[in-house]
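Take 2 as the starting number for the sequence shown in our numbering and just add one per residue.
All residues carry an ideal CB built from backbone N, CA and C; glycine is no exception.
Each remark here refers to the structure printed beneath this line.
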Amino acid sequence: MVAGPVAKATAAGPPSWRLTAPHNAAAQGLVVGGFGDLGTGRALFLEFGWPPGTVQAGGWIAALQALAPVTNADGREPRATALAFTGTGLARMGLGEEALNSFSRPFREGMFQEDRARRLGDRRGEAWLETVIAGGPQWSANTRQPPPPAGAPTQAQITTPITVHAVVLLYDRDEAAAEAWSQAVEAALAPQGVRIVHRLPLVLDPDNMGVSREHFGFADGLSQPAPYDAEAVTLGGAPAPADGRNSVPLGEFLIGHLNGHHEKAPGPIVPDTPAAAAAGLAPHELAEGFRDLGLNGSYVVIRELRQDVAAFWRSMQKGAEAIRARDPQHSAHVDAGWIAERVVGRSIEGNLLCPGGYLPADRYGLPDNDFLFLDHDPQGVGCPAGAHVRRANPRDSLAPSPAMAQTLLDAANNHRILRRGRKYGPKLADPSADDGQDRGLLFMCLNTDIARQFEFVQQTWLLNENFATLFDETDPLVGPAGAMTLRDTALRRRVEVETFIKLVGGDYFFLPSLPALAYLATL
2 MVAGPVAKAT
12 AAGPPSWRLT
22 APHNAAAQGL
32 VVGGFGDLGT
42 GRALFLEFGW
52 PPGTVQAGGW
62 IAALQALAPV
72 TNADGREPRA
82 TALAFTGTGL
92 ARMGLGEEAL
102 NSFSRPFREG
112 MFQEDRARRL
122 GDRRGEAWLE
132 TVIAGGPQWS
142 ANTRQPPPPA
152 GAPTQAQITT
162 PITVHAVVLL
172 YDRDEAAAEA
182 WSQAVEAALA
192 PQGVRIVHRL
202 PLVLDPDNMG
212 VSREHFGFAD
222 GLSQPAPYDA
232 EAVTLGGAPA
242 PADGRNSVPL
252 GEFLIGHLNG
262 HHEKAPGPIV
272 PDTPAAAAAG
282 LAPHELAEGF
292 RDLGLNGSYV
302 VIRELRQDVA
312 AFWRSMQKGA
322 EAIRARDPQH
332 SAHVDAGWIA
342 ERVVGRSIEG
352 NLLCPGGYLP
362 ADRYGLPDND
372 FLFLDHDPQG
382 VGCPAGAHVR
392 RANPRDSLAP
402 SPAMAQTLLD
412 AANNHRILRR
422 GRKYGPKLAD
432 PSADDGQDRG
442 LLFMCLNTDI
452 ARQFEFVQQT
462 WLLNENFATL
472 FDETDPLVGP
482 AGAMTLRDTA
492 LRRRVEVETF
502 IKLVGGDYFF
512 LPSLPALAYL
522 ATL
């Protein structure tokens, strides 16, 4: 799933990519991995309680760093911390207007700007859509939209009950330690005027192969891009290859490095002051008189997605019964699991669906991610054309001919995101009966161009009703209720799927480098 947690690497598994010096000491550890060896943790969403314009940034960041120092990317730690800010949070901390305006437009406008909310499938007009919890989202940055130019229509000011200025992510080895740590952080921040206004328990429970499962039961976190950069990325101790099927330039995920357009991914800047120099911010290559606040940082998309596990499996069972009732002679093999696998596009164990079966595991015994759709299933007979994994990463499947496969693969890789999410809440003991507990996925992804990466995937692939020659269908897993086409050998079946995942809250965050964080502490 796009919103899935991070798979834990095993000792005998594939090598992991790493940043070289000095980038590994400057970037946050969240960039290079999801801390897969730390099985639990907390997401603490913060609100700055001091009046606007009051300078209090240094105090609370120092208090946090003393108790939960933000982890860099130079190696494994016994526990880890990540810290990211919303645009309203940076403004409240006192970052100047000139610097704030240098951030990307999606970040400045926020996730719930009227046009963006529509494109993301969250809201239309004055109404929240069925993919959002009843009453609307509970938290966001509550970004205030500027007045429109003269003659332009006024846009709605969309707000949520809870305002989030920053998020602290704590990763630890066991539940008791994580809870004690989060309580200590809360106590340390309170005297600084920083309140925890929302919190979620983070869970990673890998099986013996090191693969975690989301709440519907499917192996997850399997399909990730493989960053490369001749000067900044290694894989297994050697330069990361640039010609793999999942190879994506580092600048798609880390600001200041070459991206898919052969340009250095742009980021925010600040005036060249003694404080900026002392913090370690490099002079900007293009903006004379400014320091680079964005270098080795990234933008983080966070969406809290509540999962209704019982509704998912009830819908799968209902769909299977409908198919068997319409075609009893040829549908004995159709059950809830058969439908669910086609909604996702992979088996429960994570192997890609192919005509007549599944794609075999790779040489590490893990689900193979080094595949192309045109090689294994060009017509979508195994993995349906509208399945979640095929929409979330089409690879070469949108190519009109084999000759165009590489071109379409390259184009698809220009929209990749680096997922760092985890599930929250307890496992449902009986998937057919809801226990009333809150559970879901805290979707987090890194990208340097929110519009071209995350928003494009959401709007153009997941929610596109005409994706891959389909008609009037959206993603069957994360989209609204509707029909899904299944190509079962010579048959074309249609099954109705419901809404199983609903947005609870979310926004766009800036993940600063360690030097940028040191600068923010001086505000």
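Counted within 10 angstroms of its Cβ, other Cβ atoms place ASP439 as buried (16 or more) or exposed: Taking the sequence shown and counting its residues from 1, the one referred to as residue 439 is at position 438. Result: exposed.
Please classify LEU515 as buried or exposed, where buried requires at least 16 other C-beta atoms within 10 Å of its C-beta. Reading the sequence shown from its first residue, position 514 is the one you call residue 515. The residue is buried, with at least 16 neighbouring Cβ atoms inside 10 Å.
Report yes if the C-beta distance between SER299 and THR449 is below 8 angstroms; otherwise report no. Counting from 1 along the sequence shown, the entry for residue 299 is found at position 298. Counting from 1 along the sequence shown, the entry for residue 449 is found at position 448. In contact: SER299 and THR449 (Cβ atoms closer than 8 angstroms).
Can you tell me whether DSSP reads THR408 as helix, strand or coil? The sequence position of residue 408 within the sequence shown is 407, counting from 1. Looking at THR408 - three-state DSSP - the assignment turns out to be helix.
Spatial distance of PRO242 from GLY111 (CA atoms): For this step, residue 242 is matched to residue 241 along the sequence shown. For this step, residue 111 is matched to residue 110 along the sequence shown. The straight-line gap from Cα to Cα measures roughly 35 angstroms.
Which residues in the same chain have their Cβ closer than 8 angstroms to the Cβ of THR161, if we skip the five residues on either side of it in sequence? Here residue 161 refers to the residue found at position 160 of the sequence shown. Around THR161: PHE113, GLY137, PRO138, GLN139, TRP140, SER141, ASN143 and GLY506.
Looking at the structure shown, is THR164 part of a helix, part of a strand, or coil, going by DSSP? Taking the first residue of the sequence shown as position 1, residue 164 is located at position 163. The answer is strand: DSSP assigns THR164 an E or B state.
With DSSP run on the structure shown, which of helix, strand or coil describes SER213? Start at 1 with the first residue of the sequence shown, and residue 213 comes out as number 212. If DSSP states are grouped into helix, strand and coil, SER213 belongs with coil.
Beta strand (DSSP E) segment containing PRO525, residue limits: Not covered by the structure: residue 525. The range shown for the chain is 2 to 524.
ILE1 to GLY211, Cα distance in whole Å? Only positions 2 to 524 of the chain appear in this structure, which leaves residue 1 out of reach.
Just tell me which of TYR509, THR82, ASP123 and PRO361 has its CA closest to the CA of ALA69. Indexing the sequence shown from 1 puts residue 69 at position 68. Considering only alpha carbons, the answer is THR82.
Tell me the DSSP secondary structure of GLN66 in three-state form. The residue you call residue 66 lines up with position 65 of the sequence shown. Helix at GLN66.
Report buried or exposed for GLU474, applying the criterion of at least 16 other Cβ atoms within 10 angstroms of its Cβ. Within the sequence shown, numbered from 1, the residue matching residue 474 stands at position 473. Buried, since its Cβ has 16 or more Cβ neighbours within 10 Å.
Do ASP230 and LEU201 have their C-beta atoms closer together than 8 angstroms? What you label residue 230 is simply residue 229 of the sequence shown in a count that begins at 1. What you label residue 201 is simply residue 200 of the sequence shown in a count that begins at 1. It is not a contact, given that the beta carbons lie outside the stated cut-off.
Among residues of its own chain, excluding the 5 on either side of ILE451, which ones have a beta-carbon nearer than 7 angstroms to its beta-carbon? Residue mapping note: residue 451 aligns to position 450 of the sequence shown, counting from 1. SER105, PRO107, PHE108, TYR300, VAL302 and TYR509.
Does DSSP put ASN448 in a helix, a strand or coil? As a working mapping, residue 448 is identified with position 447 in the sequence shown. In this structure, ASN448 counts as strand in the three-state DSSP scheme.
Suppose you measure from the CA of ARG304 to the CA of GLN330; what does that come to, to the nearest Å? Position 303 of the sequence shown, counting from 1, holds the residue named residue 304. Position 329 of the sequence shown, counting from 1, holds the residue named residue 330. Answer to the nearest angstrom: the Cα atoms are 44 angstroms apart.
Which value, in whole angstroms, describes the spacing of the CA atoms of ASP369 and ALA128? Here residue 369 refers to the residue found at position 368 of the sequence shown. Here residue 128 refers to the residue found at position 127 of the sequence shown. Looking at the two C-alpha atoms, the distance is approximately 41 angstroms.
Per DSSP, VAL204 forms a beta bridge with which residues? Within the sequence shown, the letter at position 203 stands for residue 204. Paired residue(s): THR41 and LYS424.
Give the DSSP-derived three-state secondary structure of MET94 in the structure shown. Locating residue 94 in the sequence shown gives position 93, counting from the first residue. It is helical.
If you reduce the DSSP assignment to three classes, tell me which class LEU1 lands in. Here the chain has residues from 2 to 524 only, and residue 1 is not among them.
Just to confirm the assignment, what range does the alpha helix (DSSP H) spanning ILE502 have? Looking up residue 502 in the sequence shown gives position 501. Unbroken run through ILE502 is the beta strand (DSSP E), 502-512; no alpha helix (DSSP H).
If you draw a straight line from the C-alpha of ALA393 to the C-alpha of GLY30, how long is it? Start at 1 with the first residue of the sequence shown, and residue 393 comes out as number 392. Start at 1 with the first residue of the sequence shown, and residue 30 comes out as number 29. Those two C-alpha atoms are separated by around 25 angstroms.
When you compare each of ALA412, LEU524 and ASN25 to PRO275 by their alpha carbons, which one comes out closest? One-based indexing of the sequence shown puts residue 275 at position 274. Nearest of ALA412, LEU524 and ASN25 to PRO275, Cα basis: LEU524.
Validate contact between the segment 346-356 and the segment 374-390 using beta carbons, cut 8 angstroms, 3 pairs: yes
Indicate the three-state DSSP secondary structure (helix, strand or coil) for LEU360 in the structure shown. Reading the sequence shown from its first residue, position 359 is the one you call residue 360. Reduced to three states, the DSSP call for LEU360 is coil.
Output yes or no for whether 8 angstroms exceeds the beta carbon distance between ALA85 and VAL165. In the sequence shown, the residue the question calls residue 85 occupies position 84. In the sequence shown, the residue the question calls residue 165 occupies position 164. Against a cut-off of 8 angstroms, the Cβ pair of VAL165 and ALA85 comes out as no contact.
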